[in-house]
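Heads up: the sequence shown at position 21 corresponds to 730 in the numbering used here, and the numbers run straight through without jumps. Glycine is no exception: its CB is placed at the ideal position from the N, C-alpha and C atoms. Accompanying notes for the structure given below.
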Amino acid sequence: SFHRTVWTSAMSKKAGSADGAMEAVKKMMGGKAPTCSYVILKEDGTTQHKKVKMGLMWEQGVLGGPATIVGMYEAIDAIVLSVDLSQMRGKEKKAWEKRKNAHTLPPPMEEEELFGDIVIFRNDIDAEPVDLPLNEWEDFKKNPNAKKYQDAIKKREAELAEMFGSDEEEDEEDDDEEDKEEEKPKGKRGGKSSSKSSAPPPKKRK
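Okay, structure coming up:
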């Protein structure tokens, strides 16, 4: 399951800009993709730290198969990737199912059953890849609920709210629009007043 986060919401808003999305693609196509460090949780339970040029399809090259986002640890801006078995069929899928990863991820992903290697990399608030030092990952893994990580989450939420506006502000704007619609006077059928008496006209005296 995909663990939804504040970061994910912000990235989806950023991706909503066609200019922003095209600029990111141009960087990768033009060979300007950054080379950054990332963490690999090997299927045998060991951990490695490597660098890779994060161009188009770099995740697939590292994992050896189609990649999917497992979730996000917003306290350290770390994205978790693994192979996507839903895109596999037949013998290929069965072969991957025999490669269960021996690692247990920190909460809330401790119940995830993943196969092959797991990649953990970092994006900054602008969705740009940056280095993820191994010692930072190891420290977080030991105590993901430490106060410094809770404070980091609050700080990031505040930054995102300042950049994109909070969900509460958006809800208030929607409510204001609805109130304005309700305040508009309703038109009368046929443009005639409904206050006209329906009583029959008086008879003329002979």
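{"query": "Less than 7 Å separating the beta-carbons of aspartate 826 and lysine 751?", "result": "yes"}
{"query": "If I measure Cβ to Cβ from isoleucine 785 and keep anything under 8 Å in the same chain, skipping five residues before and after, which residues do I get?", "result": "Arg831, Leu841, Glu845, Trp846, Phe849, Tyr858, Ala861"}
{"query": "From histidine 812 to phenylalanine 873, what distance separates their C-alpha atoms?", "result": "36 Å"}
{"query": "Would you tell me roughly how many angstroms separate the C-alpha atoms of isoleucine 788 and leucine 772, rounded to the nearest one?", "result": "14 Å"}
{"query": "For the putative contact between valine 828 and leucine 790, defined by C-beta atoms under 8 Å, what is the C-beta separation to the nearest angstrom?", "result": "4 Å"}
{"query": "Just mark proline 816 as buried or exposed, buried being the case when its beta carbon has 16 or more other beta carbons within 10 Å.", "result": "exposed"}
{"query": "According to DSSP, is glycine 780 part of a helix, a strand, or is it coil?", "result": "strand"}
{"query": "What do you get for asparagine 810, buried or exposed, if any count of 16 or more other CB atoms within 10 angstroms of its CB means buried?", "result": "buried"}
{"query": "Quick check: what's the CA-CA separation for alanine 733 versus serine 746?", "result": "Model confidence at alanine 733 stands at a pLDDT of 47, short of 50, so the residue's coordinates are unreliable and nothing is read from them."}
{"query": "Does the separation of the CB atoms of glycine 774 and valine 792 fall below 7 Å?", "result": "yes"}
{"query": "Please state whether DSSP places lysine 807 in a helix, a strand or coil.", "result": "coil"}
{"query": "Going by CA-CA distance only, name the one from Asn852, Trp767, His758, Asp753 that's closest to alanine 742.", "result": "Trp767"}
{"query": "Output the distance between the C-alpha atoms of glutamate 871 and aspartate 753, rounded to the nearest integer angstrom.", "result": "43 Å"}
{"query": "Whole angstroms is fine: what's the gap from methionine 763's alpha carbon to glutamate 837's?", "result": "10 Å"}
{"query": "Roughly how many angstroms lie between the CA atoms of leucine 869 and leucine 823, to the nearest whole one?", "result": "30 Å"}
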